[in-house]
Amino acid sequence: MGSEPGRTAAEVRRALRELRYLLTGLQLGGLADWPGSAERIAHNPAVENPTSGGPISLGASPLEAEDPGVAPAPDGEAILKEDPGELLSEVRTEMGDCRRCRLHSARKQIVFGDGSPRARLVFVGEGPGFEEDQQGRPFVGRAGKLLDKMIRSIGLEREDTYICNVVKCRPPGNRTPAQDEMEVCSAFLFRQLKIIAPRVVCALGSCASQTLLGKQKSISLLRGKRHLWHGVSLVCTYHPAYLLRNPAQKAAVWEDLLEIRSILDANAP
Ligand code: SF4
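When you line the sequence shown up against my numbering, it's residues 112 to 380, in that order.
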């Protein structure tokens, strides 16, 4: 294989790593039917020419960088990470048998969050569904299984991440949470994020994206851009439940997953 002028060893390693993620996804059987994924990898500017500034390139990304400066965390400061697990427990204790919004009335239990308190990647969904309400854990139904597959496709396990929702109680009939419900409950979400202090937050769907960005734009307009939430990289993508109903969007989600992987690799410990 002839080397291309201007391509550094690090860039070649990065390209090979991206191809490895594709092979991982194919081995899982989860990406073989993702339309366009192989083609997108093959023609990904980050693979072909990492300095050309394609949609999932590293470094000086042409992607729109936005720090909305909204949705402030209650404390206004990053919380030190001495024992994030203990700090999360304190938030959960403070939440108690929460009745701060009307969603408390139909829930079986509060679904606080699940995963590593030191996760470098946090997923934020909308709210618990039936299975989550029953089990007390986020993303354990069909959408959760797809999320697990998405996580594995970029070389991680669910346990490496932290998963939570904007609202912690199941909305009756799985309706979309009301604006006032999200405003009340998101105070807990912001504290979770401040405590964990991940490298990347992935907002799954419109509710999570709009809550974190303080914008009412649709998810199709918010994804594909690089955002910041209080200095933390924020990637918006489609909710796995939406993806189950609209498999044609798998290629777009795959791009978003690669963007997440690129940010993690660029900020490797
Ligand atoms: S959704 Fe959040 S704010 Fe509302 S009752 Fe449940 S825990 Fe409390």
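Backbone N, C-alpha and C fix where the C-beta goes; we use that ideal spot for every residue, glycine too. Just so you know, these numbers come straight off a predicted model, no measurement behind them.
Length of the line joining the Cα atoms of Ala363 and His341: 25 Å
Between which residues of its own chain and Val343 is the CB-CB distance below 6 Å, once the five residues before and five after are set aside? Val312
Which of the three DSSP states is assigned to Cys313 in this structure? strand
Identify, in the order they occur along the chain, each residue of the same chain with its Cβ nearer than 6 Å to the Cβ of Gly238, setting aside the five sequence neighbours on each side. Asn276, Val278, Pro282 and Pro288
Quick one: give me the first and last residue of the alpha helix (DSSP H) that Gly196 is part of. Pro195 to Met206
Residues in its own chain within less than 6 Å of Gly252 by CB, not counting five upstream and five downstream? Gly240 and Glu242
Indicate the three-state DSSP secondary structure (helix, strand or coil) for Cys280 in the structure shown. coil
Per-residue DSSP class, three states only, for Ser344: strand
Reducing DSSP to helix, strand and coil, say where Val364 ends up. helix
At which residues does the beta strand (DSSP E) containing Gly236 begin and terminate? Leu232 to Gly236 is the extent of the beta strand (DSSP E) around Gly236.
Let me confirm a value: Lys328 is counted as buried when at least 16 other C-beta atoms fall within 10 Å, else exposed. Which label applies? Here Lys328 is exposed, its C-beta having fewer than 16 other C-beta atoms within 10 Å.
Beta-bridge partners of Tyr353, as assigned by DSSP: Answer is none; Tyr353 lacks a bridge partner.
Can you give me the start and stop residues for the alpha helix (DSSP H) that Gly325 sits inside? Careful: Gly325 lies outside any alpha helix (DSSP H) and carries neither H nor E.
Can you grab the Cα-Cα spacing for the pair Phe234 / Gly207, in whole Å? 23 Å
Unbroken alpha helix (DSSP H) run spanning Leu300, endpoints: Gln290 to Ile307
Could you tell me how far apart the beta carbons of Ile274 and Gly226 are, in whole angstroms, since I believe they sit closer than 8 Å? 5 Å
Opening and closing residue of the alpha helix (DSSP H) in which Ile330 lies: Ile330 to Leu333
What residue range is occupied by the uninterrupted alpha helix (DSSP H) comprising Lys260? Arg253 to Ser264
Looking at Arg231 and Arg337, is the spacing between their C-beta atoms short of 8 Å? In this structure, Arg231 does not lie closer than 8 Å to Arg337 by Cβ.
Check for me: the alpha helix (DSSP H) holding Asp244 runs from which residue to which? Phe241 to Gln246
So what's Ile221 in DSSP terms, helix, strand or just coil? In the three-state reduction of the DSSP assignment, Ile221 falls in the coil class.
Under 8 Å by Cβ, that's how I've got Gly247 and Gln220 pegged, so tell me the actual separation to the nearest angstrom. 5 Å
Since I believe Arg334 is in contact with Pro322 (beta carbons under 8 Å), could you give me their beta-carbon distance rounded to a whole number of angstroms? For the record, residue 322 in the displayed sequence is Thr; it is not Pro. The Cβ separation is near 15 Å, so there is no contact.
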